[in-house]
Amino acid sequence: MMQVSLSCGHSFCRQCFTHFRRTQNLCPHCRARISTAEGNLSTNHILKSLANKAKEEAVRDEKRGGTDWLCPDHDEKLKLFCETDQQLVCVICRDGEKHDGHKFKPIKEAALARRRELDEAIQFLTSDNSSVEQLAEQQEEEMTKTKTKSCQLRTQISSQFEEMHQFLKKREEKIKNELQVKEEKTLKKMRGNLESMELILSERKEKEVMMKSAQDIPDSEGFLHWWNDMGLSEIKALKDRDIPPPERHGEATTEDATKERPYKSRVHDLKVTPVSFSLGPYESHLQFFVWKEMLQVIKPLPERLTLQTLSQKLTISNDRRSVFCTPGNAESAFLTHSARHQSQQSKLVSKSKFSTGQHCWEIEVGSGAFWELGVKQISARFLFGLLGSRTVCLRYRNQKYTIHGTVTEKQITFSDTPRKIALYLNCATKELSFYNADDMSIIYTLVCNWKDVSAYFNIGECDGVDSDPLAVCWY
């Protein structure tokens, strides 16, 4: 079969294209015009070779089209299966040098063994695919649960923020109303004072105008008449405003007596009412006070833990919120690590037990020399679960902070020394997280694969320095 190539790059059977070209001088595939220069079409030898091979393969397939498969080398019927080379062979092949020393089986026997192996593979795949399908279904269910939980949490977050927004909005309106009341009360007092000033000013201006007009009286007789009628009494009133009339004291009212007295200014009797109202702490510490007020509506609050211990070297306060070293019984700072574990640890836990849910508590650590905070696995075999159990904790010692997990020990650093440490325990994910409660930045998260735990505390001295008490923060 001859193949020809066109200038556009496409190839066709020579006979077919010659017949097609009689009607259209175009490429049958891309419709590109064929120039007259392409009258002698060139043969595509690569395609020609491939076509010949395909033809030969077709002839070979035709020969073995019946039930008998023939050996390509000897044209003998294939009756055996070489186990060594894993291929069909004829009897001549078996005796040849190529298969010398190989193992052979009849075709039917070899096929039966491999069918059994194929059946086992199919059974395995069927079972394994079923298991994978179940896992895929479970994964899809978990994805659905994740989306559902995410949606629920999104709704919960929006709801809780809305509650805080509403609280802040109501509190804002209440504080603004309080400010409005105080403003109106202060302004009312100021308005009354201003009205008195304006009344006095009006009277004084009238007198000022009247006296200035008297100065314009041209003749002396007329001026003296005004003086006797009004001027002397007005002058006397400016000087005697706060003094009873002289006749009440048996004194004569004379012009000489009036001249001797000074003028009385009303400025000394009037005072400007200053800005005096205040919102108290809401004026300078509004955010702090409102934050404290929000603690009354925030739910849930951190756990209000109460402490318990069997150690005489640790003392718990009466309200069971604080723990400190018993005076005279502080732990030695020079104990070895194992000795410290035996003498200090397993001594102080919370009364509460945690096995489900999510829990948070906050501890004020102060500037202690040695302390540990974490959780302890509870053992039912010992009283209070104080002995025979394990702990994971954050430790402070020798001015260094170290995380101690079941298989983890890692030193960590802080940019600022925390005054409070918050612990968050998620029993579902079995994770314990430590936070710097001053700014709620994450410190570290540990895996805690225990079912029942309680909050764990430890305190002691280091290098002769006593620790401040550890105190559970109650809100």
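Per full-length UniProt numbering, the very first residue in the sequence shown carries number 1; after that it's consecutive.
From the three backbone atoms N, C-alpha and C, an ideal C-beta is built for every residue, glycine too.
Listed as beta-bridge partners of V275 by DSSP are no residues whatsoever.
Secondary structure at L373: strand, using DSSP grouped into helix, strand and coil. Contact annotation, S454 with F354: C-beta distance approximately 7 Å; criterion of less than 8 Å satisfied. Nearest Cα to E372 within the set E364, G366, C393, T356: C393.
When DSSP states are grouped into helix, strand and coil, C16 belongs to the helix group. DSSP places N426 in the strand class (E or B) of the three-state scheme. About 6 Å separates the beta carbon of D438 from that of P418, a gap short enough to meet the 8 Å contact definition. Of all C-beta pairs linking the segment 101-110 to the segment 76-91, three or more are shorter than 8 Å, placing the two stretches in contact. Pairing E221 with E208, the inter-Cα distance amounts to about 22 Å. Going by DSSP, T391 is part of the beta strand (DSSP E) stretching over 391-397. In the assembly as shown, G368 is a buried residue. Its beta-carbon has 16 or more other beta-carbons within 10 Å.
Rounded to whole angstroms, E206 and Y263 show a C-alpha spacing of 17 Å. Between S415 and the set V447, P218, N436, C151, the nearest pair of CA atoms involves N436.
When secondary structure is reduced to three states using DSSP, E461 falls in the coil class, being assigned neither helix nor strand. Scanning its chain for C-beta atoms nearer than 7 Å, with the 5 sequence neighbours on each side dropped, one finds no residue around A54.
Looking at the backbone, the Cα of C30 and that of S7 are separated by about 11 Å. Between L168 and Q287, the alpha-carbon positions lie close to 10 Å from each other. In the DSSP assignment, Q358 falls within the unbroken beta strand (DSSP E) covering 358-364. Sequence-distant Cβ neighbours of G366 in its own chain, meaning closer than 6 Å and more than five residues away, are D468.
Residue pairing by DSSP places K169 in no beta bridge whatsoever.
The bridge partners DSSP lists for C325 are L314.
Note that the segment 185-203 touches the segment 269-277; at least 3 beta-carbon pairs, one per stretch, sit closer than 8 Å. In this model, K147 and Q139 are separated by some 12 Å (Cα to Cα). Counting C-beta pairs with one atom in each stretch, the segment 117-127 and the segment 93-103 have fewer than three that are closer than 8 Å, which means they do not touch. Within the same chain, and ignoring the five residues on either side of A121 in sequence, no residue has its Cβ closer than 7 Å to its Cβ. Under the 10 Å beta carbon count, H285 is surrounded by fewer than 16 other beta carbons and is classified as exposed. Contact check for E109 against C90 fails: the beta carbons are separated by 7 Å or more.
Ranked by Cα distance from K176, the first of Y282, E163, C151 is Y282. About 6 Å separates the CB atoms of G357 and C427; that is less than 8 Å, so the two are in contact. According to the DSSP assignment, A471 belongs to the beta strand (DSSP E) that extends over 470-472. Of the candidates R261, G192, W361, R261 places its Cα closest to the Cα of L238. As computed with DSSP, S11 is found in a beta bridge with S5.
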